[in-house]
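So the structure is just underneath, and the comments pick up after that.
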Amino acid sequence: MFTEKHETASFTWDLLGDIETGRPNLGMSCPVLVYRLFKQNMTAELIRQFGRDKAIKLIKNAGYHAGRECCNAVFDCDLPPQMFMISLQMMFKENNIAIINFEKADFDNWQLVIAVNEGLECSGIAPMGHPGCFYLEGFFGGILETYAGRKFIIKEIDCWAAGQRVCRFTVEPSTEGHDYLDLIS
Ligand SMILES: [Zn+2]
């Protein structure tokens, strides 16, 4: 039986549960293989059900909402930009999500280039001919939008799925009030 909260389908951080209490023996960690088994199959099923374009929007949206909740729950949004980005780097490393580096960090104009090495989403997968880290794209969007209080256009320009050995994301301020919620039509 779903609770009322589940039926509203809005994600909040507390839905992750009390993992320490719930997994006293197995703990917080789980193999990358298990994450990818879930992620790749969920992606395939969404594409099968809704088509590729809609599926990508749904996955980005999910990442966006996860990023927003994560930013509010985990990060100190009062930090200056450089310190905030260091805390973002550390969180990614400590949780074995990826090793991220800021190849460009122009906080005056909010133009960033984020390189993602050994990414949880795709490092090591066979090339598919296009970038594939849609969830992470949305996740960065949710975190950065919540921190900076403005909207961004984030694009993955390099990716293991596209044949490169690093994933790379560009971040530009949006001039059109971009909102991930509008992506669902
Ligand atoms: Zn990628």
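Numbers in my numbering are just positions in the sequence shown, counted from 1, shifted up by 1.
Where is the CB? At the ideal position from N, CA and C, for every residue including glycine.
The model shown is predicted, which means the values in this text are computed figures rather than measured ones.
According to DSSP, residues forming a beta bridge with residue i
i              : result
proline 174    : Phe153
asparagine 118 : Ile100
glutamine 187  : Past the edges of the chain, shown from 2 to 186, lies residue 187, and the structure says nothing about it.
Residue-chain proximity (residue i, chain B), Cβ-Cβ < 7 Å
i            : result
cysteine 123 : Here chain B cannot be found, since the structure has a single protein chain.
heavy atom of ligand 1 below 6 Å from residue i C-beta
i            : result
cysteine 1   : No statement about residue 1 is possible, as the shown extent of the chain runs from 2 to 186 and does not include it.
cysteine 78  : no
cysteine 160 : yes
Rounded C-alpha distance that separates residue i from residue j
i                 : j                 : result
phenylalanine 108 : proline 82        : 7 Å
cysteine 168      : phenylalanine 39  : 20 Å
glutamate 46      : glutamate 95      : 30 Å
tyrosine 65       : phenylalanine 140 : 5 Å
glycine 23        : cysteine 71       : 20 Å
CA nearest to the CA of residue i, picked from the options
i              : options                           : result
alanine 116    : Asn102, Met129, Gly125 and Ser124 : Asn102
arginine 195   : Lys58, Gln112 and Cys71           : Outside the modelled stretch of the chain, which goes from 2 to 186, sits residue 195, for which no answer is possible.
asparagine 62  : Gly142, Lys156 and Pro132         : Gly142
isoleucine 154 : Phe170, Tyr148, Ala163 and Ala162 : Phe170
glutamate 146  : Asp54, Met43, Gly52 and Phe85     : Phe85
glycine 133    : Ala149, Leu34 and Glu157          : Glu157
methionine 129 : Lys58, Val75, Trp161 and Lys40    : Trp161
asparagine 110 : Cys31, Pro174, Gly139 and Glu119  : Pro174
glutamine 165  : Arg53, Arg49, Gln50 and Gly120    : Gly120
4 or more residues per run - each alpha helix (DSSP H) lying fully within the segment 38–75
53–75
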